[in-house]
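One structure below.
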Amino acid sequence: MKALAFPAMAPPLDGPDALSGVLEAARLGDLTAFETLMRRHERLVLVTALRLLGKMEDAQDASQEVFLRLYRNLGKVQASQNIAGWLYRVTVNVCHDVHRRRPDETPMDETAEPVSRGADPQQAVTRQEQEKVLELSLRFLSHKERAALVLRDLEGLSTEEVARILGTSQATVRSQIFKARIKVKDFVERYFRRRV
Amino acid sequence: MNCNDWEERIALYAGGDLDAAQNAEVEHHLAECGGCRIFAGGMKESLALLRSAHDDPIAAGHYTAMRAGVLAQLATERPLWRRWIWLSALAAGLVLAMAFLATRPIGTPPVHLADLRPPKTPAAPPSPVQGPVRALRVRARRTVASVGRVPGPAPLEEPLLVKLVTDDPDIVIYWIADKRGEDK
């Protein structure tokens with residue numbers, strides 16, 4: 001199928017006009033144009049999903065669902081609108097659904113994959129341990145706290161943008177961020193104090 | 197203000213979520229309170245750890261797998277989508293055809309018995325008939341005989357001419373029968 005051909009390089013989408021053209025082509029069923037849209041926004045979706053869910057397998061499933069929803073709602077998504085905001089919102093919602101459906105959490109110790117980050121094994125172990133601890137700390141957060149923390153502190157969105165994505169007020173977002181930061185800090189300090 | 201009450205502000209201060217005036221208040225308090233300085237330091241450290249732990253790029257293969265999954269799913273959905281278009285077009289065509297047929301008379305046009313009279317000139321052929329006339333073979337049984345013939349006036353020697361007029365003015369059917377009801 002011609003439309004399913006994988007282009008080696010996605011064409012650049014500089015400016016709203018180029019994005020409008022790609023959106024229009026994707027609306028008309030051009031899968032190559034839709035793949036261009038995916039390539040443009042895949043980091044946003046997959047990284048956010050991974051930060052919200054903690055496991056690559058779940059994040060990939062969630063990301064696929066997000067892009068399928070985008071494809072089915074291309075008629076509603078306007079080029080003038082903030083597609084990134086729409087994707088963030090849907091990603092948070094899909095990850096929330098995945099989180100609810102997910103069975104009991106597997107301890108991180110069993111799922112941690114060995115990572116190699118350079119020649120210094122001690123440094124690699126330390127880094128890996130830090131990541132484990134931080135991932136564990138995020139699991140103590142409620143879904144809303146985690147979403148607020150990920151969007152604000154890891155994705156670098158403003159409080160106003162986070163509030164719009166989560167459909168809540170800026171005051172609520174600030175409250176969720178404050179609680180989440182305190183919980184992460186307490187967990188990290190307790191963990192390393194215990195290890196020492 | 198108790199130092200516990202400063203925790204929220206310090207947590208927001210560490211993430212850069214306060215305006216300039218609130219920042220100044222927090223910094224003024226931190227300058228005076230050692231416990232809160234430790235708290236603020238720990239908060240900034242954990243935030244930095246959190247950010248550094250999540251800034252590693254994801255391997256390109258994960259993106260490729262994700263995209264392939266989406267496109268494969270869409271490839272299975274698109275034929276259904278296209279099938280729906282064809283089915284819709286077919287259904288629309290059927291509706292149009294039915295509507296067209298409904299506006300036309302169905303079957304053979306009704307035949308009215310318009311005239312039943314003996315011809316004025318028995319010997320002459322039925323003059324109104326022009327052009328090719330299809331021979332009608334009436335296979336009607338002689339039901340009249342089985343019912344019984346009612347005695348009436350003396351049978352006419354002239355054949356009986358039945359003119360059948362249809363809805364189509366161009367089609368007129370003549371039925372010529374002898375006195376016993378047989379076709380001529």
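Residue numbers (the working numbering), protein chains in the order written: chain A, 1 to 196; chain B, 197 to 380.
C-beta: ideal position from N, C-alpha, C; glycine also.
**Prompt:** Considering B:A255, what are the terminal residues of the alpha helix (DSSP H) in which it resides?
**Reply:** For the purposes of this step, residue 255 of chain B is taken as residue 59 along the second sequence, with counting starting at 1. Here B:A255 belongs to no alpha helix (DSSP H), and DSSP marks it neither H nor E.
**Asked** Of all the CB atoms in chain A, is at least one closer than 7 Å to the CB of B:V222?
**Response** Here residue 222 of chain B refers to the residue found at position 26 when the second sequence is read from its first residue. By this cut-off, B:V222 is not an interface position.
**Request:** Kindly indicate if chain B contains any beta-carbon less than 7 Å away from that of A:R190.
**Result:** If you number the first sequence from 1, residue 190 of chain A lands on position 190. Closer than 7 Å: no.
**Prompt:** Helix, strand or coil: how does DSSP classify B:V368 here?
**Reply:** As a first step, residue 368 of chain B is located in the second sequence; it is residue number 172 there, counting from the start. It is a strand residue.
**Request:** Report yes or no: do three or more beta-carbon pairs, one from the stretch 57-76 of chain A and one from the stretch 93-101 of chain A, lie closer than 8 Å?
**Result:** yes
**Asked** CA-CA distance, B:L226 and B:A216?
**Response** In the second sequence, residue 226 of chain B corresponds to position 30, counting from 1. In the second sequence, residue 216 of chain B corresponds to position 20, counting from 1. Cα to Cα, the separation comes out at about 15 Å.
**Asked** Among B:L245, B:W282 and B:I234, which has the Cα closest to the Cα of A:E129?
**Response** Taking the first residue of the first sequence as 1, we reach residue 129 of chain A at position 129. Cα-wise, what sits closest to A:E129 is B:L245.
**Request:** Give, in chain order, every residue of the stretch 247-268 of chain B whose Cβ lies closer than 7 Å to some Cβ of chain A.
**Result:** R247, A249, H250, I254, H258, Y259, A261, M262, R263, G265, V266 and L267
**Message:** Taking a contact to mean a Cβ-Cβ separation below 7 Å, would you say A:A33 touches A:V22 in this structure?
**Reply:** Position 33 of the first sequence, counting from 1, holds the residue named residue 33 of chain A. Position 22 of the first sequence, counting from 1, holds the residue named residue 22 of chain A. Yes; because the gap between Cβ atoms is below 7 Å, this pair is in contact.
**Other residues of its chain near A:A62: CB distance less than 6 Å, five sequence neighbours each side excluded** = As a working mapping, residue 62 of chain A is identified with position 62 in the first sequence. Contacts found: A49, V94, C95 and V98.
**Request:** Could you pull the start and end residues of the beta strand (DSSP E) that B:V361 belongs to?
**Result:** Residue mapping note: residue 361 of chain B aligns to position 165 of the second sequence, counting from 1. Unbroken beta strand (DSSP E) run through B:V361: L356 to T362.
**Message:** Assuming A:F140 is part of the alpha helix (DSSP H), what are its boundary residues?
**Reply:** Position 140 of the first sequence, counted from the start, is the residue given in the question as residue 140 of chain A. Note, A:F140: premise wrong, no alpha helix (DSSP H); not H, not E.
**Asked** When you compare only the Cα positions, how much space is there between A:E189 and A:L136?
**Response** As a first step, residue 189 of chain A must be located in the first sequence, where it is residue number 189. As a first step, residue 136 of chain A must be located in the first sequence, where it is residue number 136. Cα to Cα, the separation comes out at about 13 Å.
**Asked** How about the stretch 133-153 of chain A and the stretch 256-264 of chain B: do they share at least three Cβ pairs that are nearer than 8 Å?
**Response** no
**Message:** For a contact defined as C-beta to C-beta under 7 Å, what are the partners of A:K185 on chain B?
**Reply:** Counted from its first residue, the first sequence places residue 185 of chain A at position 185. G238, M239 and S242, listed in chain order.
**Message:** Would B:L243 and B:A210 be called neighbours here (beta carbons separated by less than 7 Å)?
**Reply:** To locate residue 243 of chain B, count along the second sequence from 1; it is residue 47. To locate residue 210 of chain B, count along the second sequence from 1; it is residue 14. Yes, the Cβ-Cβ distance between B:L243 and B:A210 is below 7 Å.
**Message:** Are the CB atoms of A:R51 and B:H224 within a distance shorter than 7 Å?
**Reply:** What you label residue 224 of chain B is simply residue 28 of the second sequence in a count that begins at 1. What you label residue 51 of chain A is simply residue 51 of the first sequence in a count that begins at 1. Taking 7 Å as the Cβ cut-off, B:H224 and A:R51 do not qualify as a contacting pair.
**Asked** Between which two residues does the alpha helix (DSSP H) harbouring B:E221 extend?
**Response** Within the second sequence, residue 221 of chain B is the residue found at index 25, counting from 1. B:E221 -> alpha helix (DSSP H) spans A216 to E228.
**Asked** Quick one, which of A:E42, A:V47 and A:L53 has its alpha-carbon nearest A:R70's?
**Response** For the purposes of this step, residue 70 of chain A is taken as residue 70 along the first sequence, with counting starting at 1. Checking the displayed sequence, the identity of residue 70 of chain A turns out to be Leu instead of Arg. Ranking A:E42, A:V47 and A:L53 by Cα distance to A:L70 puts A:E42 first.
**Residue closest to B:T272, alpha-carbon to alpha-carbon, out of A:L68, A:S142, A:V77 and A:K132** = Within the second sequence, numbered from 1, the residue matching residue 272 of chain B stands at position 76. Ranking A:L68, A:S142, A:V77 and A:K132 by Cα distance to B:T272 puts A:L68 first.
**Message:** Contact criterion: CB-CB distance below 7 Å. Does B:L208 meet it with respect to chain A?
**Reply:** Here residue 208 of chain B refers to the residue found at position 12 of the second sequence. Yes, because at least one Cβ of chain A sits closer than 7 Å to the Cβ of B:L208.
**Message:** Under 7 Å, Cβ to Cβ, is there at least one residue of chain B near A:R51?
**Reply:** As a working note, residue 51 of chain A is residue 51 in the first sequence. Yes, contact with chain B.
**Message:** Quick check on DSSP: helix, strand or coil for B:V329?
**Reply:** Within the second sequence, numbered from 1, the residue matching residue 329 of chain B stands at position 133. With a pLDDT of only 46 at B:V329, under the threshold of 50, the placement of this residue in the model should not be trusted, and no figure is reported.
**Asked** Measuring CA to CA, which of A:Q78, A:L53, A:V66 and A:Q64 is closest to A:A25?
**Response** Start at 1 with the first residue of the first sequence, and residue 25 of chain A comes out as number 25. Among A:Q78, A:L53, A:V66 and A:Q64, the Cα nearest to that of A:A25 belongs to A:Q78.
**Message:** Can you find the residues in the same chain that come closer than 7 Å, C-beta to C-beta, to B:G231, ignoring five residues on each side of it along the sequence?
**Reply:** By one-based count along the second sequence, residue 231 of chain B stands at place 35. Cβ within range, chain order: C199.
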